[in-house]
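Q:
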Amino acid sequence: DHPIESISYGFKSPDPFTRSNSIELLDNILESEHKQPILTMLEDEAMEKKLRLCQTYFQGLKKDSFIGWLQQLLDDDNRWTVACTIYQIGILKIQKLSPNIEKVLAGEDPLLIETALISLKSLMETSSYNKLLGAVAEKNHQAADIMRNRLNITIPELL
Numbered sequence: 180d181h182p183i184e185s186i187s188y189g190f191k192s193p194d195p196f197t198r199s200n201s202i203e204l205l206d207n208i209l210e211s212e213h214k215q216p217i218l219t220m221l222e223d224e225a226m227e228k229k230l231r232l233c234q235t236y237f238q239g240l241k242k243d244s245f246i247g248w249l250q251q252l253l254d255d256d257n258r259w260t261v262a263c264t265i266y267q268i269g270i271l272k273i274q275k276l277s278p279n280i281e282k283v284l285a286g287e288d289p290l291l292i293e294t295a296l297i298s299l300k301s302l303m304e305t306s307s308y309n310k311l312l313g314a315v316a317e318k319n320h321q322a323a324d325i326m327r328n329r330l331n332i333t334i335p336e337l338l
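All residue numbers for the sequence shown refer to the working numbering, where the first residue is 180 and numbers rise by one.
(1) Of all the alpha helix (DSSP H) runs that stay within the bounds of the stretch 256-300, which reach a length of 4 or more residues?
(2) Is it buried or exposed, Gly189, if we count other Cβ atoms within 10 angstroms and call 16 or more buried?
(3) Per DSSP, what kind of secondary structure is Asn319 in: helix, strand or coil?
(4) Classify Thr305 as helix, strand or coil using the three-state DSSP reduction.
(5) In terms of alpha-carbon separation, which member of Glu210, Leu221, Gln267 lies closest to Asn200?
(6) What is the DSSP secondary structure of Asn331, counted as helix, strand or coil?
(7) Label Thr294 either buried or exposed according to how many other C-beta atoms from any shown protein chain fall within 10 Å of its C-beta, with 16 as the threshold for buried.
(8) Do Leu291 and Ala322 have their beta-carbon atoms positioned less than 8 Å apart in this structure?
(9) Alpha carbons only, please: which of Ile186, Ser192, Ile280, Ile332 is nearest the one belonging to Glu203?
(10) Quick check on DSSP: helix, strand or coil for Glu222?
(11) What is the DSSP secondary structure of Leu252, reduced to helix, strand or coil?
(12) Just to confirm, are Leu302 and Leu311 a CB contact at a threshold of 8 Å?
(13) Using only the alpha-carbon positions, how far apart do Ser277 and Ala314 sit?
(14) Applying the criterion that 16 or more other CB atoms from any shown protein chain within 10 Å of the CB defines a buried residue, is Val333 buried or exposed?
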């Protein structure tokens, strides 16, 4: 399994021990500069402390809107920041940012491609998503491999 899948599974679990293990795994894979803000958000801290940390850590972000923040995070240099942002957009079902996520599918980073495919599934209607999968698989062989081997997506054109 990919570490992000294990972490995601752990955060969804009602078991506190499983959640704790997911936080520890995330702690092990995050770059040091990103550990404090991300791990603080996941701990059982007071909301005021979390908000203060966000204001400090994300002070360079455009603060005109939540969508603006997400768009800026999608352009971050750190692939984990981008992957987490893509995933969160899917969770929150922010369809307005679907085109931004679709652009990721033309790239070469397997983590970002996989996360984009997962996120877009929750953002698009099934028929549109399937058309997108076919088009992406035709143009990007790495994305096609991820669909087949990591996400178990079967598209007739891929067989």
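Every residue gets a Cβ at the ideal spot worked out from N, C-alpha and C, and that includes glycine.
A: Reading off the structure:
(1) Counting only runs of 4 or more, we get 258-271, 277-283.
(2) Counting Cβ neighbours within 10 Å, Gly189 comes out buried, since at least 16 surround it.
(3) Note: Asn319 maps to coil in three-state DSSP.
(4) DSSP places Thr305 in helix when its eight states are reduced to three.
(5) Ranking Glu210, Leu221, Gln267 by Cα distance to Asn200 puts Leu221 first.
(6) If DSSP states are grouped into helix, strand and coil, Asn331 belongs with coil.
(7) Thr294 sits buried, since 16 or more C-beta atoms from the chains shown fall within 10 Å of its C-beta.
(8) Not closer than 8 Å, so no.
(9) Of Ile186, Ser192, Ile280, Ile332, the residue nearest in Cα terms is Ile186.
(10) In the structure shown, Glu222 sits in coil (DSSP, three-state: anything other than H, G, I, E or B).
(11) If DSSP states are grouped into helix, strand and coil, Leu252 belongs with the helices.
(12) No, the pair does not count as a contact, with Cβ atoms beyond the cut-off.
(13) Near 16 Å, if we compare the C-alpha coordinates of Ala314 and Ser277.
(14) Note that residue 333 is Thr in the sequence shown here, rather than Val. That one is exposed.
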